[in-house]
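Chains as they are written, first to last, in my numbering: chain G, 1269 to 1615; chain E, 766 to 1377. No residue lacks a Cβ here, since even glycine has one placed at the ideal position from N, Cα and C. Structure record follows, encoded as structure tokens.
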């Protein structure tokens, strides 16, 4: 199938959609904002995975990051909720149709401050959701205040010197029993894309802590959420690639060069070894490594931890095959006869 | 123990004038001691004897050790409101003994556990000691259960002294313990021993007793929270998110109890059709509820005042983004933590405007336990029809007390799922539709829900400004038009909400307006006023926005008393705002102290104002 745009034959994917079908509205974020780069990787990931946009639902809270769902997947339903309250909104909505996959976009203000409670609790419920934290260490929409992920000693214009220790999103996710914890860098689009693909296949909560520089308020070269710092300090755990269930693994890896994890839906994530041996299924190794990375000031990226087998929230509830929101009245209202029994159950 | 009465018995000579089925019993116990089982047993036994009866639990915000009271009113006339007078008082708690003794109405009766060694100074009442410890000891009760079961002694003594039938007590115990023979036998054994002891040792000198009637035929006993949960189940609830809070907790717990039997999928009995989620707080409970409502599920949450405060921001978003959800507020006494275990109608104006900016919410006001059931399902129809939050205001008195009530009635109309467009609808419309466009002139737009696969189905919901097509807009005209449409939609809601109930008397030119759990007090007050020669029409408001009958009622009467359980006269305030031109006819009678309203208070207040 092809699609005609400006007279040119456009490439389409296996479901017959062109990349245009995955676009959103033009971004109103700043030129060069890391969030725009993440939005375009979401578009590419969904296009390449042949996902019908109607099979995705988007959620966000409040802040620059939370505006971004408007800039991708216009054909997907979306709900821009309240500050820090995206996880609960998503939790309720995801019960309506278990065949739809959710992408939640949040920020460091939205998840590490006002929304810390909901962030932690959506983890322990293992709700199936790609939870992206676009992490830039600063409040953008209110013009440049420290966020809870800002490093101690960060100096921001008009704000002085940050006296507090930072919240580490990936660490919080790991401690909070998240079943998929990744960290990435908006300046590493290929890794971001592969992680999004893997996250979309994960049957549970997938936290992506993506350092996404704020070019307007927090991009000084020597600070932890800047492009320059990220490029200088990124230490990738592995080179990862996502292989959907139907696809064959095309690249052969030499013995010991790569490991793989099979996801709940049969897809695979291939980890090509870089500097170190690393087993992303080992939670305590993940904790040790995060500690080491923080001590050595690395921007550690990659899939830090994954447990593909933990039942998701939806598995626990054992709901109908038919999406709940399509159940007709006769499957929702008890029979007329039952009311007599109910009255008899009273006294 | 002594069976001779230490005092002169004023009732002795009056034994001939028995008082049958018309008095109140109050039992003072220690909370956490198992007294609720004893109290409910008496209540249910009386109900099974066919006598109209009501029970009010006045309990502390505490797990164990503080004084708690339970009042049972038997009324052959069928009046179920709380009374201030206590003809019979049972004292089981040393800590409240002095208070309990003082609370007996002159000429009344005082039963007390005889291990409480405090002076009894009153000469104007009949006094019966109860050898609680000895009776328990003499019965075959395991030592670890003795303290719990001790309260069954007063059940047995009262049964003997008031003529409560033992077989009905056994039935009540059987119900309470779900037919498990061991606890039934154990408890009944103590009741029986106490009964036998009283028969052998107490000489009845007071005038109070009960006699079987047939006045409870066609009634059941239930609490409002269970009724609400069952109503929601028959309303097809699909998601309920909640956080524990007194007095709303048992509503969600009733959902958990009854869903497995009532709501398995008829096509696959292994599968569930509703999810109940205990959220981390009320912020999340309402968030989940709104997510689900937006996505096309019948969703609800249940809470009380403090929880509602936390839900405020999302409630405003649901109003503005037009998301159907049902929110039960089982009211307790505020402000702040207030009196968490006492009843009130203090959330009315808060809920009416809940949300910042111009917000008007739809409120349903059930006035009986069976109406809690009815509004339990109806609230979903109204929410989905209006695409708006619907708040149902119950209170602790309804929610946590057992009421004699009409049986739950199966919904008499099919579900109203409102204006939802699915794939086929969008095909017919060639995908041309606007989420917030008023197509039908009733200000209710059409919506699509998550999972709709039509390529034009999706839209982006938000709490920010938007146009008819759900596009982000800061345009001044768009904003103005949107708020005006929401106002018009609120007007449309008047047709869909339950109409008031009016009880008119021939020739009455004054009226009284009330809502919710004060209904029995109002019924009885109208009767008391009639005895004084005052005819009064009674309108019970069942929803806000008010239906046209409410305005008509005010205009048809010279004066209307507005009676409610709060300090500020909140219904009076809302009626005055709505009916400004006749507002001077509205007279506020507002009172709150945490206890259910009495008929005497209402009739005295109206009498005093009428005499002015």
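Within the segment 1019-1037 of chain E, 1023, 1026, 1027, 1028, 1030, 1031, 1032, 1033, 1035, 1036, 1037 place their CB atoms closer than 9 Å to a CB of chain G, listed in sequence order.
With distances taken between CA atoms, residue 1570 of chain G lies nearest to G:1479 out of G:1305, G:1472, G:1479. The beta carbon of residue 1421 of chain G sits closer than 8 Å to the beta carbons of 1429, 1430 from its chain, once the five residues preceding and following it are set aside; these are given in chain order.
Taking 9 Å as the Cβ-Cβ cut-off, the segment 1223-1250 of chain E approaches chain G at 1223, 1224, 1225, 1226, 1227, 1228, 1229, 1236, 1237, given in chain order. Fewer than three Cβ pairs drawn from the segment 1497-1504 of chain G and the segment 1316-1325 of chain G lie within less than 8 Å of each other, which leaves the two stretches out of contact. Listed along chain E are 1004, 1040, 1057, 1062, each with a C-beta nearer than 7 Å to that of residue 1363 of chain G. Residue 1292 of chain E sits exposed, since fewer than 16 C-beta atoms from the chains shown fall within 10 Å of its C-beta.
Excluding residues up to 5 positions away in sequence, 1130, 1263, 1265 lie with their Cβ nearer than 6 Å to the Cβ of residue 1307 of chain E in the same chain.
As computed with DSSP, residue 1506 of chain G is found in a beta bridge with G:1541. A straight-line Cα-Cα distance of about 7 Å links residue 1021 of chain E and residue 1041 of chain E. Within its own chain, the residues whose Cβ lies closer than 8 Å to the Cβ of residue 783 of chain E, once the five positions on either side in sequence are excluded, are 972, 973, 974, listed in chain order. Beta bridge pairing from DSSP links residue 1209 of chain E with no other residue.
Contact check for residue 955 of chain E against residue 904 of chain E passes: the beta carbons are separated by less than 8 Å. Contact check for residue 1214 of chain E against residue 1050 of chain E fails: the beta carbons are separated by 8 Å or more. Here the C-alpha atom of residue 1600 of chain G lies approximately 43 Å from the C-alpha atom of residue 916 of chain E. Nothing from the segment 1440-1460 of chain G brings a Cβ to less than 8 Å from some Cβ of chain E. Bridge partners of residue 789 of chain E according to DSSP: E:838.
Against chain E, the CB of residue 1615 of chain G has a partner CB under 8 Å away; the residue lies at that interface.
Taken through DSSP and simplified to helix, strand or coil, residue 1283 of chain E comes out as helix.
Residue 981 of chain E and residue 818 of chain E have their C-alpha atoms spaced approximately 9 Å apart.
Taken in chain order, the whole beta strand (DSSP E) runs of length 3 or more contained in the segment 1087-1151 of chain E are 1090-1096, 1127-1129. With contact defined as three or more Cβ pairs closer than 8 Å, the segment 1008-1017 of chain E and the segment 1066-1077 of chain E are in contact. For residue 1180 of chain E, the closest alpha carbon among the candidates E:1212, E:1143, E:847 is that of E:1143. Close partners of residue 1585 of chain G in chain E (Cβ separation under 7 Å): 1037, 1040. Under the Cβ criterion of 8 Å, residue 1378 of chain G is not counted among the residues facing chain E. Its chain contains 1388, 1391, 1392 as the residues whose beta carbon lies nearer than 7 Å to that of residue 1444 of chain G, once the 5 sequence neighbours on both sides are disregarded; these appear in chain order. Residues of the segment 1206-1223 of chain E that bring their beta carbon within less than 9 Å of a beta carbon in chain G comprise 1213, 1214, 1215, 1216, 1217, 1218, 1219, 1220, 1221, 1222, 1223, in sequence order.
Using a Cβ-Cβ cut-off of 9 Å, residue 809 of chain E is close to 1615 of chain G, given in chain order. For residue 1043 of chain E, the enclosing beta strand (DSSP E) covers residues 1040-1043. In terms of Cβ geometry, residue 811 of chain E and residue 929 of chain E form a close pair [threshold 8 Å]. DSSP links residue 876 of chain E through a beta bridge to E:855, E:893. Segment contact: the segment 1324-1331 of chain E against the segment 1270-1289 of chain E, three or more CB-CB distances shorter than 8 Å; contact assigned.
For residue 1359 of chain G, the residues of chain E that pass the 9 Å Cβ criterion are 1006, 1042, 1044, 1049, 1052, 1053, 1056, 1057, in the order they occur in the chain. Spanning the alpha carbons of residue 1014 of chain E and residue 1043 of chain E requires a straight line of approximately 11 Å. When G:1449, G:1597, G:1515 are compared, the shortest CA-CA separation from residue 1552 of chain G is found for G:1449. Beta-carbon to beta-carbon, residue 1415 of chain G and residue 1406 of chain G are separated by about 6 Å, close enough to satisfy the 8 Å threshold.
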